[in-house]
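*Asks:*
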Amino acid sequence: MAILAANWKLHKTTEDAVSWARAVKASPLARRCEVIVLPGFLQIPAVARELHGSQIALGAQDVFWEESGAYTGMVAPTQLRDAGCAYALVAHSERRRLAGDDDRGANARIRAALACGLTPIYCVGEDEKERSTGRFREALVGQYDVGFEGLSAQEARRVIVAYEPIWAIGSGQPANPAQAAEIAGAIRDGVFARTGLESGLRILYGGSVAPENVAGYLGDTAMDGVLVGTASLDPSEFLAMLEAVVDDG
Ligand code: 13P
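Okay, so the sequence shown: first residue is 326 according to this note's numbering, each after it adds one.
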């Protein structure tokens, strides 16, 4: 089943977050995909209560690599598990730009998340300059090489990669499905070569996904799902994306 993940970024009060969860869980469309919702940290407990007993999964937008200590403002993997999360984004490009997250830190976050039973969603993607100068493949190799460093095949299998070209995020200019599929193939080959994994790496596409284009990334393509920002915020737009997904269940 395809994954449809909603990254709310810095949006929604607790009340808005709970009403989104209530609307989406009530729809039979929610069974068409593995739905994962990624609220702000402070909204996680209320959304977890609302989603309890539903099949919609919960995740966080970041996770730290230490479990406890003098790390002001950080949130530990076990704290996320305690709050009901099964997933955590790692090194989203907005965090790379604004909070200094990098590939080395991503590797530590991925290992810590795996050690505590969370599924990391590792975000990689080239910027506009890397794309226009044709150096995007090398840029991506650097990201997944370091991100997956030291992981066994069994560990690598539990990581989800989100390919999110920075130029496509929030721009209304998505990578087309063929571009996304080409990169997904390269990431798979690279991760397989590095970790010894032979199959089963899940890869999402993210960047200006919307109801009109979501179907192109799913179904019979190299993608296992999508990671959606803007179009995930309004529950009816989110349900419209689920409606566009062919019901394979
Ligand atoms: P948009 O869907 O708004 O382009 O954001 C994509 C994204 O960054 C999801 O993590």
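Every residue gets a Cβ at the ideal spot worked out from N, C-alpha and C, and that includes glycine. Bear in mind the structure is a predicted one, so any value in this text is a computation, not a measurement.
(1) Between which two residues does the alpha helix (DSSP H) containing Pro560 stretch?
(2) Could you work out which residue in Val349, Glu392, Ala355 and Gly398 is closest to Phe366 when comparing CA atoms only?
(3) CB Asn332 to CB Leu354, shorter than 7 Å?
(4) Hey, Ile512 and Tyr488 are a contact pair by Cβ (cut 8 Å); roughly how many whole angstroms apart?
(5) Quick one: residues in its chain with C-beta nearer than 6 Å to the C-beta of Gly384, no 5 flanking neighbours on either side, listed in chain order?
(6) In this structure, how does DSSP classify Glu359 when only helix, strand and coil are distinguished?
(7) State the CB to CB distance for the pair Pro499 and Asn538, rounded to an integer number of angstroms; the pair is presumed to be in contact (CB under 8 Å).
(8) Just checking Thr555 against ligand 1 - is the residue's beta carbon closer than 6 Å to any of the ligand's heavy atoms?
(9) Which of helix, strand or coil does DSSP assign to Ile508?
(10) Let me know the secondary structure DSSP gives Asn538 once reduced to three states.
(11) Once DSSP output is grouped into helix, strand and coil, what is the label at Leu414?
(12) Tell me, please, which residues DSSP counts as bridged to Thr444.
(13) Could you say if the stretch 413-425 and the stretch 390-397 meet the contact criterion of at least three C-beta pairs nearer than 8 Å?
(14) Answer yes or no: do Arg357 and Val553 have a C-beta to C-beta separation smaller than 7 Å?
(15) Starting from Val551, follow the beta strand (DSSP E) in both directions and report where the run begins and ends.
(16) Beta-carbon within less than 7 Å of Phe461's beta-carbon, same chain only, minus the 5 sequence neighbours each way: which residues are those?
(17) Helix, strand or coil: how does DSSP classify Ile491 here?
(18) Which residues bound the beta strand (DSSP E) around Arg527?
*Replies:* Result, derived from the coordinates:
(1) Counting from 1 along the sequence shown, the entry for residue 560 is found at position 235. Counting along the chain, the alpha helix (DSSP H) containing Pro560 begins and ends at Pro560 to Ala569.
(2) The residue labelled residue 366 in the question sits at position 41 within the sequence shown. Per the C-alpha coordinates, the member of Val349, Glu392, Ala355 and Gly398 positioned closest to Phe366 is Gly398.
(3) As a first step, residue 332 is located in the sequence shown; it is residue number 7 there, counting from the start. As a first step, residue 354 is located in the sequence shown; it is residue number 29 there, counting from the start. No.
(4) Position 187 of the sequence shown holds residue 512. Position 163 of the sequence shown holds residue 488. Taking a contact as a CB-CB distance under 8 Å, the pair Ile512 and Tyr488 counts as one, their CB atoms being some 7 Å apart.
(5) Residue 384 sits at position 59 when you count from the first residue of the sequence shown. Answer for Gly384: Ile361, Leu363, Cys410, Tyr412 and Ala413, listed in chain order.
(6) Position 34 of the sequence shown, counted from the first residue, corresponds to residue 359. Strand at Glu359.
(7) As a working note, residue 499 is residue 174 in the sequence shown. As a working note, residue 538 is residue 213 in the sequence shown. Distance from Pro499 to Asn538 at the Cβ level is roughly 6 Å; contact confirmed, criterion being Cβ atoms closer than 8 Å.
(8) Here residue 555 refers to the residue found at position 230 when the sequence shown is read from its first residue. Under cutoff, so the answer is yes.
(9) Reading the sequence shown from its first residue, position 183 is the one you call residue 508. Under the three-state reduction of DSSP, Ile508 is assigned to helix.
(10) Taking the sequence shown and counting its residues from 1, one reaches residue 538 at position 213. Under the three-state reduction of DSSP, Asn538 is assigned to coil, being neither helix nor strand.
(11) For the purposes of this step, residue 414 is taken as residue 89 along the sequence shown, with counting starting at 1. In the three-state DSSP reduction, Leu414 falls in the strand class (E or B).
(12) As a position in the sequence shown, residue 444 is number 119, starting the count at 1. Partner residues in the beta bridge of Thr444, as assigned by DSSP, are Tyr412.
(13) Contact between the stretch 413-425 and the stretch 390-397 is not established, with fewer than three Cβ pairs separated by less than 8 Å.
(14) The count along the sequence shown starts at 1 and reaches residue 357 at position 32. The count along the sequence shown starts at 1 and reaches residue 553 at position 228. Cβ distance not < 7 Å, so Arg357 and Val553 don't count as in contact.
(15) Counting from one through the sequence shown, the residue named residue 551 turns up at place 226. Per DSSP, Val551 belongs to the beta strand (DSSP E) from Gly550 to Val553.
(16) On the sequence shown, position 136 is the one that residue 461 refers to. Glu451 and Glu455, listed in sequence order.
(17) On the sequence shown, position 166 is the one that residue 491 refers to. Look at Ile491 here: in three-state DSSP terms it is helix.
(18) Working through the sequence shown from its first residue, we reach residue 527 at position 202. Going by DSSP, Arg527 is part of the beta strand (DSSP E) stretching over Arg527 to Gly531.
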